[in-house]
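Chemist:
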Amino acid sequence: GCSITDAITILRNKLGDYQGQFNTTHLLALCDYFYNTFIRHYRLYQYVLGQDQEVNLTVNHVEVCVPPQPLPLAEGKDRGLWKLELKLAELTMAEVQKRTNVLLLKEALHLEQEHMLQKKFSEVTVQQKQVLEREELENLINEAIHIQIKCLKELLQYEIQTTFDILDLKLQKKTLNLNAPIPFPLSISGQLGQDESLKINKARKAKKAKGKR
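Take 1 as the starting number for the sequence shown in full-length UniProt numbering and just add one per residue.
(1) Taking DSSP as the reference, what is the three-state secondary structure of F121?
(2) Taking DSSP as the reference, what is the three-state secondary structure of V66?
(3) Rounded to the nearest angstrom, how far is the Cβ of K98 from that of T162, given a contact under 8 Å?
(4) When you compare only the Cα positions, how much space is there between R79 and K170?
(5) Which stretch, first to last residue, makes up the alpha helix (DSSP H) that contains E75?
(6) Starting from Y35 and walking both ways along the alpha helix (DSSP H), at which residues does that stretch end?
(7) With a 10 Å radius around its C-beta and 16 neighbouring C-beta atoms as the bar for buried, classify E114 as buried or exposed.
(8) By the 10 Å Cβ neighbour count, where 16 or more other Cβ atoms means buried, how is Y35 classified, buried or exposed?
(9) Quick one: residues in its chain with C-beta nearer than 6 Å to the C-beta of E95, no 5 flanking neighbours on either side, listed in chain order?
(10) If I'm right that E138 touches V102 with Cβ under 8 Å, what's the distance once you round it to whole angstroms?
(11) Which class does N101 belong to by DSSP, given the choice of helix, strand or coil?
(12) Taking its Cβ as the centre, do 16 or more other Cβ atoms sit within 10 Å of G190, making it buried, or is it exposed?
(13) Going by beta carbon distance, what residues of the same chain come within less than 8 Å of L28, once the five residues before and after it are set aside?
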């Protein structure tokens with residue numbers, strides 16, 4: 001078998017040979033017919049009918065993830081209770097994250113405070129003064145206190161906001177627990193069904209006894 005390029009060339013030459021027998025409209029219709037049937041599926045015809053097959057295959061390996069094995073019915077949970085547990089877990093994770101952010105900010109501010117104080121003290125050392133004047137010493141102490149107050153103020157503001165956020169999360173968890181669905185155990189519902197059935201049977205027997213009298 002020839003390649004698809006050779007097949008198109010042969011088709012073009014054949015159509016050229018029939019230009020004297022068919023008009024342009026018929027030639028275009030014949031070309032469309034061969035292209036949409038034979039040429040479009042040329043490799044399929046070549047593979048089935050020809051001895052020399054030119055096959056281009058593309059293999060894609062697709063990983064199929066099977067769903068997890070479901071739990072036994074005895075270990076199943078009520079849908080509302082399951083959603084409640086997921087929501088409570090999300091709120092707990094949010095609370096833990098906020099507490100972690102406070103610790104990270106405290107550590108970052110501590111490092112920033114040390115860096116600013118070290119920079120301020122190094123400026124005094126560069127001046128190469130063995131004895132500081134009283135006014136210079138007071139200014140240095142005031143600047144050090146100002147740096148500490150600035151860092152503490154930022155940390156305190158963040159801790160206050162975080163505390164309110166954590167209290168709001170706790171309130172949401174408390175509200176969810178108060179409105180939690182209470183699923184009925186299967187054994188209780190089964191027992192209730194049996195009791196109702198016994199009552200109906202007793203009522204029927206009583207009616208039959210009255211009818212006989």
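All C-beta atoms, glycine included, are put in the ideal place defined by N, C-alpha and C.
Modeler: On the basis of the supplied data:
(1) helix
(2) coil
(3) Sure, about 5 Å apart at Cβ, within 8 Å.
(4) 23 Å
(5) Here E75 belongs to no alpha helix (DSSP H), and DSSP marks it neither H nor E.
(6) Run containing Y35: none; DSSP gives neither H nor E here.
(7) exposed
(8) By the neighbour-count criterion, in which a residue is buried when 16 or more other Cβ atoms sit within 10 angstroms of its Cβ, Y35 is exposed.
(9) I166, L169
(10) That belief does not hold up - the Cβ atoms of E138 and V102 are roughly 34 Å apart, past 8 Å.
(11) helix
(12) Confidence in G190 is poor, its pLDDT being 45 and thus under 50, which makes the residue's placement too unreliable to answer from.
(13) none
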